[in-house]
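In our numbering, the protein residues as written are 180 to 368.
Reading through the structure tokens given below for one structure.
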């Protein structure tokens, strides 16, 4: 209940900002005859129920498909790639690779463990962005070059799917060996 959330925030010296509060009614897209919520009363204002909301940088939609999040990541990473591409002829390969890691790979890796189990089509969008980044770093033009081999052998980058699995395995390893935050360790014991 909202009352409980407001009490918790007050106890922890936090303030619930009614103007920034977003509400999403999560449900299955396969369930029919769900009575939709229209508004929820929070503090002194009514908050409309949205189709999606952002929490810690992740865009969650009402059906938890994460399509909006994937699209946002692709858009942000592609914009960064475009900007790096404009200056590519003035910088060397190691500098380009550093810029790609700082401004593109960051977007692809941020919260990516949430993407585990998404349909191949969603992961493929992210993979296309990573492939474009590899082409930019290596200075490869044209689609006839097999970028997957170059990405793996020349740059030593894992594919997007493999990066997601690696992150989950790394978090699991750290949790089992006392190297992770306590709240993660408690989930596995």
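From the three backbone atoms N, C-alpha and C, an ideal C-beta is built for every residue, glycine too.
Cβ separation of residue i and residue j, assumed to be a contact under 8 Å, to the nearest whole Å
i: residue 350; j: residue 363; result: 7 Å
i: residue 252; j: residue 305; result: 7 Å
i: residue 287; j: residue 339; result: 6 Å
Residues that residue i bridges to, as DSSP identifies them
i: residue 203; result: 229
i: residue 351; result: In the DSSP output, where bridge partners are listed per residue, residue 351 has none listed.
i: residue 220; result: 225
i: residue 240; result: 231
When the options are compared against residue i, the one with the closest alpha-carbon
i: residue 223; options: 322, 361, 245 and 196; result: 196
i: residue 260; options: 358, 226 and 284; result: 284
i: residue 227; options: 334, 242 and 202; result: 202
i: residue 293; options: 332, 186 and 244; result: 244
i: residue 290; options: 186, 336 and 345; result: 345
i: residue 204; options: 323, 296 and 242; result: 242
i: residue 199; options: 258, 225 and 333; result: 225
i: residue 333; options: 310, 210 and 282; result: 310
Residue i, buried or exposed, once every other Cβ within 10 Å from all chains shown has been counted against 16
i: residue 326; result: buried
i: residue 206; result: exposed
i: residue 302; result: buried
i: residue 358; result: exposed
i: residue 256; result: buried
i: residue 191; result: exposed
i: residue 249; result: buried
i: residue 312; result: buried
i: residue 356; result: exposed
i: residue 354; result: buried
i: residue 184; result: exposed
Touching by the beta-carbon criterion (3+ pairs, under 8 Å), the segment 309-322 and the segment 265-281: yes
Inter-stretch contact (C-beta, 8 Å, three-pair minimum) for the segment 226-236 and the segment 257-272: no
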